[in-house]
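J.:
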Ligand SMILES: Cc1cc2nc3c(=O)[nH]c(=O)nc-3n(C[C@H](O)[C@H](O)[C@H](O)COP(=O)(O)OP(=O)(O)OC[C@H]3O[C@@H](n4cnc5c(N)ncnc54)[C@H](O)[C@@H]3O)c2cc1C
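Numbering (our numbering), first residue to last: 16 to 327.
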């Protein structure tokens with residue numbers, strides 16, 4: 016019978032996976048944390064996080080994720096750069112088929128998070144990386160004294176639009192509703208920012224250009240009129256998609272593809288747990304992801320000691 020490589024394997028090294036890694040490591044479990052992009056997750060692509068407790072002045076997303084990684088390594092978590100392609104259960108162990116070879120453990124925490132949803136309009140695919148972006152923190156500096164369009168009205172869209180105004184001379188925020196969904200404090204700041212211009216009740220219907228983006232076509236959803244906004248780039252923040260393709264059919268998912276769990280982060284299959292943005296829940300933030308990670312780790316610890324499966 017194949018031996019386990021770890022006591023627990025955590026898929027994803029974002030805030031949820033790293034937090035689970037810290038707790039599992041401190042519980043002396045042989046802990047593998049696997050990430051296809053390297054540690055960090057979405058928060059590493061966030062300019063500034065000012066709602067995570069313990070950092071009264073705020074902290075850059077990159078620094079916050081680096082601290083979490085350091086803490087997980089300190090407690091012995093084995094952080095591996097690889098993509099998990101699918102999962103199997105054989106002889107009481109889960110085999111995770113990954114790009115670096117198979118990994119085996121009696122418990123798994125799915126912390127694979129979510130990614131930006133695509134807008135699905137003409138021009139989006141064609142101009143990806145040439146003016147269409149999902150990460151202002153990554154690409155914002157390219158827009159010095161240029162014009163940008165941000166699509167969306169939630170916290171991510173408004174936070175990143177404000178970040179872009181550090182570089183761009185004008186940022187148009189196109190939002191399909193007549194009011195923002197972002198937190199009040201962000202809205203107050205956004206409305207005071209003279210470089211931001213709001214295009215209300217409107218949707219982007221196409222992204223246009225030659226070699227790179229030159230404009231977007233915008234339709235007002237109330238009067239159906241269309242107009243063009245000249246721009247050098249488009250940043251899209253129109254929601255999330257869960258990273259659950261590799262576990263479809265393995266555990267129960269909700270209608271949008273998020274993993275269903277109980278309050279202790281147990282998924283529908285014994286020995287499988289889920290934490291963070293990948294989970295069916297209301298609030299997707301760093302603080303809820305780290306809390307989920309801690310809870311999942313404690314549940315794994317209980318599960319392994321009840322079943323005597325640790326150290327196999
Ligand atoms: C622009 C933006 C700004 C934000 N601002 C804030 C903020 O100010 N405050 C706040 O609290 N939250 C903020 N958030 C939300 C926050 O970043 C997320 O809630 C948090 O990162 C979720 O953590 P997670 O660990 O659940 O998932 P993620 O951060 O999504 O991490 C999941 C990880 O899993 C990896 N992965 C996925 N599939 C696989 C696979 N098959 N194999 C291996 N690895 C895999 C991914 O590479 C990724 O690193 C923001 C998000 C964005 C996009």
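From the three backbone atoms N, C-alpha and C, an ideal C-beta is built for every residue, glycine too.
For residue 43, verify whether its CB is less than 7 angstroms away from any heavy atom of ligand 1.
T.: The count along the chain shown starts at 1 and reaches residue 43 at position 28. Not so, every heavy atom of ligand 1 lies at least 7 angstroms from the Cβ.
J.: Just verifying my parser: in three-state terms, what is the DSSP assignment at residue 226?
T.: Mapped onto the chain shown, residue 226 falls at position 211. The answer is coil: DSSP assigns residue 226 none of H, G, I, E or B.
J.: Can you pull the DSSP bridge partners for residue 101?
T.: Position 86 of the chain shown, counting from 1, holds the residue named residue 101. DSSP, once it has assigned bridges, lists 112 as partnering residue 101.
J.: Report all residues from its chain with a CB closer than 7 angstroms to the CB of residue 198; omit the five preceding and five following residues, and keep chain order.
T.: For this step, residue 198 is matched to residue 183 along the chain shown. So the list reads 170, once near-sequence residues are dropped.
J.: Sorted by chain position, which residues of the same chain lie with C-beta nearer than 6 angstroms to residue 44's C-beta, five sequence neighbours on each side aside?
T.: Within the chain shown, the letter at position 29 stands for residue 44. Cβ neighbours of residue 44 beyond the five flanking positions: 22 and 23.
J.: Cutting at 8 angstroms between CB atoms, please list the residues of its own chain near residue 178, excluding the five before and the five after it.
T.: Stepping through the chain shown from its first residue, residue 178 is reached at position 163. Within the same chain, residue 178 has close Cβ partners 62, 63, 151, 152 and 155.
J.: Is any heavy atom of ligand 1 found at a distance shorter than 7 angstroms from the C-beta of residue 276?
T.: To locate residue 276, count along the chain shown from 1; it is residue 261. Not so, every heavy atom of ligand 1 lies at least 7 angstroms from the Cβ.
J.: At which residues does the alpha helix (DSSP H) containing residue 81 begin and terminate?
T.: Here residue 81 refers to the residue found at position 66 when the chain shown is read from its first residue. That run of the alpha helix (DSSP H) goes 76 to 89.
J.: If you measure between the beta carbons of residue 145 and residue 160, is that distance less than 8 angstroms?
T.: For this step, residue 145 is matched to residue 130 along the chain shown. For this step, residue 160 is matched to residue 145 along the chain shown. No, they are not a contact pair.
J.: Taking just the CA atoms, how far does residue 186 sit from residue 222?
T.: Stepping through the chain shown from its first residue, residue 222 is reached at position 207. Stepping through the chain shown from its first residue, residue 186 is reached at position 171. In a straight line, the C-alpha of residue 222 is about 16 angstroms away from that of residue 186.
J.: If I follow the unbroken beta strand (DSSP E) through residue 123, where does it start and stop?
T.: Your numbering for residue 123 matches position 108 in the chain shown. Its beta strand (DSSP E) spans residues 122 to 125.
J.: CB of residue 293 to nearest heavy atom of ligand 2: below 7 angstroms?
T.: Ligand 2 is not part of the structure shown, which contains ligand 1 as its ligands.
J.: Quick one: is the Cβ of residue 30 within less than 7 angstroms of any heavy atom of ligand 1?
T.: Walking along the chain shown from the start, residue 30 turns up at place 15. Checking the Cβ of residue 30 against ligand 1 gives yes.
J.: Could you check whether residue 119 and residue 28 sit closer than 8 angstroms to each other, using their CB atoms as the reference points?
T.: Residue numbering aside, residue 28 sits at position 13 when the chain shown is read from its first letter. Residue numbering aside, residue 119 sits at position 104 when the chain shown is read from its first letter. For residue 28 and residue 119, no; Cβs fall outside 8 angstroms.
J.: Excluding five sequence neighbours on each side, which residues of the same chain lie with their C-beta closer than 6 angstroms to the C-beta of residue 283?
T.: Here residue 283 corresponds to residue number 268 of the chain shown, with the count starting at 1. Annotation for residue 283: 266 and 267 place their beta carbon closer than 6 angstroms to its own, counting only its chain and skipping 5 residues before and after.
J.: Is it right to say residue 320 is buried, meaning 16 or more other beta carbons lie within 10 angstroms of its own, or is it exposed?
T.: Counting from 1 along the chain shown, the entry for residue 320 is found at position 305. Residue 320 comes out exposed.
J.: On the three-state DSSP scale, how would you describe residue 307?
T.: As a position in the chain shown, residue 307 is number 292, starting the count at 1. DSSP places residue 307 in helix when its eight states are reduced to three.
J.: Output the residue ranges of the beta strand (DSSP E) runs that lie fully inside the region 141 to 181 and measure 3 residues or longer, sorted by chain position.
T.: For the region 141 to 181, whole beta strand (DSSP E) runs of length 3 or above, ordered along the chain, are 162 to 166.
J.: In three-state terms, what does DSSP make of residue 315?
T.: Looking up residue 315 in the chain shown gives position 300. Residue 315 falls in the helix class under three-state DSSP.
J.: So, residue 307 versus residue 294, is the Cβ gap smaller than 8 angstroms?
T.: Here residue 307 refers to the residue found at position 292 when the chain shown is read from its first residue. Here residue 294 refers to the residue found at position 279 when the chain shown is read from its first residue. Contact flag set, yes.
J.: Would you please state the rounded distance, in angstroms, between the beta carbons of residue 100 and residue 112? I believe it to be under 8 angstroms.
T.: Your numbering for residue 100 matches position 85 in the chain shown. Your numbering for residue 112 matches position 97 in the chain shown. About 5 angstroms separates the CB atoms of residue 100 and residue 112; that is less than 8 angstroms, so the two are in contact.
J.: What are the start and end residues of the beta strand (DSSP E) that includes residue 131?
T.: Position 116 of the chain shown, counting from 1, holds the residue named residue 131. First-last of the beta strand (DSSP E) with residue 131: 129 to 131.
J.: By how many angstroms is the C-alpha of residue 231 removed from the C-alpha of residue 259?
T.: Working through the chain shown from its first residue, we reach residue 259 at position 244. Working through the chain shown from its first residue, we reach residue 231 at position 216. One C-alpha to the other measures close to 32 angstroms.
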